[in-house]
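Residues in the sequence shown are numbered from 1 upward in steps of one, following our numbering. Just so you know, even glycine gets a beta-carbon here, dropped at the ideal spot from N, CA and C. Presented below is the structure to which this report refers.
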Amino acid sequence: MDYSRGSKDGKAAQSTEDRLDSGVDSLKEEEFQAVAEEIHRLQLESEHQQAAALIEEPLQEWQTQTTDEGDTLLHLAIIHEAKDYIKRMIDLSKNTNFLNAQNDLRQTPLHLAVITNQPDVCYSLLTSGCDPTLVDNSGDTPLHIACRHGNLHCFSVITQNSRLEHLHTAMAASNYNGQNCLHLASVHGFLSLVEKMVDLGADINAKEQHNGRNSLHLAVDQQNLALVKLLLKKGADPNLLSSGGHTPCHLTYGLDNCDIRKELFPVTHPDLRELSESDNSEEESEEESDVEGMYDDIQWNGH
């Protein structure tokens, strides 16, 4: 049809470009970003549904072979960074449980891809149907490991190529030391990871399971002024109490960095700024000390 011809009343017909205008150009930046994220979510859900519809094939003989440590051939290929073998095995194992096989340390191929800093392998595994929420014998998901070591490349691949429910599960999960991904990134001072996780929906006020501290408490404990400023900017609550009843501002007493107290004091409720006379500084230091992995006083399932 010739859209360039005039209409019967003599008026020029609307151009093809006007007729097909989607309105995308008129969207604000945040609206456009929301639309793009929704399209990405629907695409991932569609891929997942297609994968779920596939009939699980019996494992081939090479897929059942393991070492004394429980490593499959794919585990070994990733450890030795044998790219050609990795690609071939992943291609032959799409949407099968072989991609989620765990060795004796309960590490999946994705755990090892993060540990060996191979973001390309992380991408191949995720787009081929692996589960990023599985945990190793420390309770860490692959995302926990990326956050502990500040591995921005693997972090980005995992967060950009995981289904939303998987991503939220991994970010919210606490490992066996009681820390989630945001806590680990905070303890180790990886500001970019902290910011990205908060932007992705991580709970900025979530408390770790040892002393009930949130990321702002941890930032004060590490005397990380830049992280304190970032967390406050992102909406961290300065009035949250730890299990011992202390705010982040309380933790500044006895520390060398007075600038942190200057940041926290004005945003903390007046009743929660000063330590009570009964507080013992030595006990406070012991209670709020942060040595990752030292949780001798915590009980799991009554043990």
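Name, in chain order, the residues that DSSP records as bridge partners for residue i.
i	result
THR67	Paired residue(s): none; THR67 is not in a bridge.
THR72	THR66
Am I right that residue i and residue j are in contact with their C-beta atoms under 8 Å? What's the rounded C-beta distance?
i	j	result
LEU105	ASP136	6 Å
LEU218	VAL267	Not a contact, Cβ separation roughly 17 Å.
ASP237	ASN211	The pair is not a contact, with the Cβ atoms about 16 Å apart (cut-off 8 Å).
Using the rule of at least 16 other Cβ atoms within 10 Å of the residue's Cβ for burial, across every protein chain shown, is residue i buried or exposed?
i	result
ILE276	The sequence shown places Ser at residue 276, not Ile. With fewer than 16 Cβ atoms within 10 Å of its Cβ, SER276 is classed as exposed.
GLU208	buried
GLY201	exposed
THR108	buried
CYS258	exposed
ASN177	buried
ASP256	exposed
THR116	exposed
ASN280	Residue placement at ASN280 is flagged as unreliable, the pLDDT there being 47, under the threshold of 50; the coordinate-derived value follows with that caveat. With fewer than 16 other Cβ atoms within 10 Å, it is exposed.
ASP221	buried
ALA170	buried
GLY129	buried
THR252	buried
Report yes if the C-beta distance between residue i and residue j is below 8 Å; otherwise report no.
i	j	result
ALA101	MET89	no
GLY139	ASN175	yes
PRO142	VAL114	yes
PRO119	CYS147	no
GLY189	LEU227	yes
LEU99	LEU59	no
ASN103	ASP131	no
THR133	HIS80	no
LEU230	CYS249	no
SER182	GLY150	Reading the sequence as shown, one finds Leu at residue 182 and not Ser. Cβ atoms of LEU182 and GLY150: not closer than 8 Å.
ILE145	HIS111	yes
If you scan the stretch 63-133 from start to end, which runs of the alpha helix (DSSP H) of 4 or more residues do you find wholly inside it? 73-79, 83-91, 109-115, 119-127
Which ranges does the alpha helix (DSSP H) cover as unbroken runs of at least 4 residues, wholly within the stretch 139-214, from first to last along the chain? 142-149, 152-161, 164-172, 181-187, 191-199
Entirely within the stretch 243-284 and at least 3 residues each: give me those beta strand (DSSP E) ranges in chain order. none
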